[in-house]
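What follows is a short report on a single structure.
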Amino acid sequence: MSGTSANPFSRMTILVLVLVGSMAFLGLLYGLGTGEFSQKDNNGKGHAVSNSLVGYTAFFDLMEKTGTDVSLGRSPAEFEKTNLLVITPSLYSDGEELAAIIEKRSYLGPTLIIMPKWFARKDPKLKSGWARLVTATPFDNMEESFGVSSKVTEKNIDPNAAQKENKKPSALSSNIGAISKTPRALTVLEGKDIRPIVRDQKSGKPVIGYYDDDGYYPSLDGDAVREYSDEEYDEIDYERYPVVFVADPDLFNNMGMADKANALHAIALIQAIDDGMDMPVVFDLTFNGLGSSENLLTLAFQPPFLAATICFLIAAVIIGWQNFIRFAPPILGGRSINFGKTALVRNSAAMLKLMSRQHLLREPYLAMVKRKAMRSLGIAPSSSSEQVTQQLDRASKPDKPPFSVLQNNLQRAKKPQDIVNAAVQIDIWKKDNL
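Next up, the structure:
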């Protein structure tokens, strides 16, 4: 089978598999970190990722297509940033929590609150993400905490019935543009500290208004120029940002964005709230139950930790590439400790040499040689060390150094080589005389 490769895959195939797998894994981590896979957003309710009649995807897309820096806010951290925050609470949102956020953002950025109106429910007969409108409902959750609520001007409205031709809806007037189509079951604002931006001409009540908190917002007054007394001028707080309430969401939701005049008015209102500051627009999703808490994986893809994540990925790519272009199989190293007594002795000697403890072997080596000589020469075990040395001297050959001299040489040796040389001489004596 000459000419064939032991690897069934080519290098290019392996490279493609590794790249595709790595990108898929990173995509999974990014999705888990940002909460993209956590839940189904298009649930038919009134928020910026809902395609139903009461959703605001059309408003979000409109802002995006006009060149506005627009994004979705899934974290409460967006409440503490300088931006134009659009909050679309549900009918069951906590009014006290919403009022606290409004107060906290007074000096951070403008806030647009589009209050809910329709009670919507899922219908198994409808497409996924669609909802059926049941009835128009006022939003009074903020009445006690902030003094603002909404009121439906028409009672017992069937949202699914056709509009009667003989009933002329109320007309709306706006300070910053024109609205050609009045929503059905019109909802108006209730509250003594509301300055009208859009007004129902029939009742005179505001449909859209800003909270009169001693701030200075001439762009929201528009054509209705507001006159200030000397005392009011002294109390103006130029550092505050406006809080705008929309009582009727049909001017901004997908149902309202189907009308060109409403869409143009929505753009004009955002521009008036921004007042030339070019702030990013953030559509909040936390009040609709679509928020996500930050975790370590989320922080890994956000500044300043994003830089460390990128460095880690680059290092991983370099390591992977270095292993991919290896020109030959890795060389397997031998055993650290070989088998057998000889290997054990050599390893032990190497360890003693490394530790510089050769001098500790002198006395044990002498004792071992003497024990062997005593057995060979029949010397009594009760003999003293001096008597054993004398007996070994008598057993030494006349033309060779006696054992006592060799013993003395080993005991005085200090350097490792001198110790080895003296031990070798004793070993030679042992072979010659025993």
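Read in order, the letters of the sequence shown are residues 1329 to 1762 in my numbering.
Glycine included, each C-beta is placed from N, C-alpha and C at the ideal position.
Check whether the Cβ atoms of residue i and residue j sit closer than 8 Å, and answer yes or no.
i: P1577; j: V1382; result: yes
i: L1390; j: M1585; result: yes
i: L1400; j: F1611; result: yes
i: L1762; j: A1708; result: no
i: G1423; j: M1470; result: yes
i: S1764; j: P1466; result: Nothing can be reported for residue 1764: it is not among the residues displayed for the chain, which extend from 1329 to 1762.
i: I1525; j: P1511; result: no
i: A1513; j: V1480; result: yes
i: T1410; j: L1426; result: no
i: N1590; j: K1509; result: yes
i: V1609; j: V1398; result: yes
How many whole angstroms separate the CB atoms of residue i and residue j, which I take to be in contact at a CB cut-off of 8 Å?
i: L1500; j: Q1529; result: 7 Å
i: V1377; j: L1613; result: 7 Å
i: I1522; j: Y1544; result: About 17 Å separates the two Cβ atoms, so there is no contact after all.
i: F1580; j: A1596; result: Incorrect: roughly 12 Å between the Cβ atoms, too far for contact.
i: S1531; j: V1516; result: 6 Å
i: F1652; j: Y1358; result: Incorrect: roughly 24 Å between the Cβ atoms, too far for contact.
Just tell me which of the options has its CA closest to the CA of residue i.
i: S1403; options: S1531, M1683, F1615; result: F1615
i: I1598; options: L1412, N1371, S1378; result: L1412
i: G1537; options: I1504, I1638, Y1561, A1513; result: I1504
i: H1687; options: G1519, Q1718, E1408, V1748; result: V1748
i: S1434; options: L1672, P1570, L1592; result: P1570
i: K1742; options: R1690, T1717, P1336, E1555; result: R1690
i: T1439; options: F1667, I1429, H1593; result: I1429
i: W1757; options: Q1735, Q1739, D1746, M1679; result: Q1735
i: F1407; options: T1394, E1431, T1396, S1421; result: E1431
i: R1740; options: L1694, D1587, F1337, I1653; result: L1694
i: S1421; options: S1380, Y1566, D1468, F1388; result: D1468
i: L1354; options: T1341, N1675, A1644, S1713; result: A1644
i: R1460; options: G1372, L1634, F1731; result: G1372
i: I1342; options: A1678, Q1718, K1588, G1648; result: G1648
What separation, rounded to the nearest whole angstrom, lies between the Cα atoms of residue i and residue j?
i: P1744; j: R1685; result: 9 Å
i: K1759; j: M1683; result: 30 Å
i: T1670; j: A1636; result: 53 Å
i: M1443; j: V1574; result: 6 Å
i: L1607; j: R1449; result: According to the sequence as given, residue 1607 is Met; it is not Leu. Each residue's alpha carbon lies about 35 Å from the other.
i: G1550; j: E1560; result: 19 Å
i: G1331; j: R1339; result: Annotation note: pLDDT 49 at G1331 (below 50); position unreliable, coordinate value reported separately. Each residue's alpha carbon lies about 17 Å from the other.
i: A1405; j: I1601; result: 21 Å
i: E1392; j: I1646; result: 39 Å
i: G1374; j: T1385; result: 9 Å
i: G1475; j: R1527; result: 19 Å
i: V1733; j: P1692; result: 18 Å
i: C1639; j: P1632; result: 12 Å
i: S1710; j: P1726; result: 27 Å
i: I1441; j: D1540; result: 15 Å
i: A1723; j: D1746; result: 25 Å
i: L1356; j: V1344; result: 18 Å
i: A1750; j: R1703; result: 23 Å
i: V1346; j: G1395; result: 39 Å
i: V1752; j: L1720; result: 17 Å
i: Y1556; j: D1562; result: 10 Å
i: L1618; j: P1336; result: 48 Å
i: V1716; j: L1705; result: 10 Å
i: I1507; j: L1592; result: 9 Å
i: D1755; j: V1697; result: 8 Å
i: F1667; j: R1699; result: 29 Å
i: P1546; j: T1416; result: 25 Å
i: D1558; j: F1388; result: 41 Å
i: V1572; j: E1482; result: 23 Å
i: K1568; j: D1587; result: Reading off the sequence, residue 1568 comes out as Arg, not Lys. If you take the alpha carbons of R1568 and D1587, they lie about 33 Å apart.
i: N1737; j: M1679; result: 25 Å
Sequence ranges, beta strand (DSSP E) only - wholly within the region 1561–1641, length at least 3:
With a minimum length of 3 residues, the continuous beta strand (DSSP E) runs that stay inside the region 1561–1641 are 1571–1574, 1609–1612.
List, from N- to C-terminal side, the alpha helix (DSSP H) runs of 4 residues or more that fit wholly inside the region 1422–1477.
Taken in chain order, the whole alpha helix (DSSP H) runs of length 4 or more contained in the region 1422–1477 are 1423–1432, 1471–1474.
List in chain order: all unbroken beta strand (DSSP E) runs of 3+ residues lying wholly within the region 1529–1554.
The region 1529–1554 contains these whole beta strand (DSSP E) runs: 1534–1539.
Fully enclosed by the region 1716–1746, which alpha helix (DSSP H) runs are 4 residues long or longer?
Complete alpha helix (DSSP H) runs here, min 4: 1731–1740.
For the region 1373–1413, which segments carrying the beta strand (DSSP E) assignment without a break, of at least 3 residues, lie completely within its bounds, in sequence order?
If you keep only unbroken beta strand (DSSP E) runs of at least 3 residues inside the region 1373–1413, you get 1398–1401.
What are the complete alpha helix (DSSP H) segments, minimum 4 residues, inside the region 1686–1720?
Fully enclosed alpha helix (DSSP H) runs of 4 or longer: 1690–1705.
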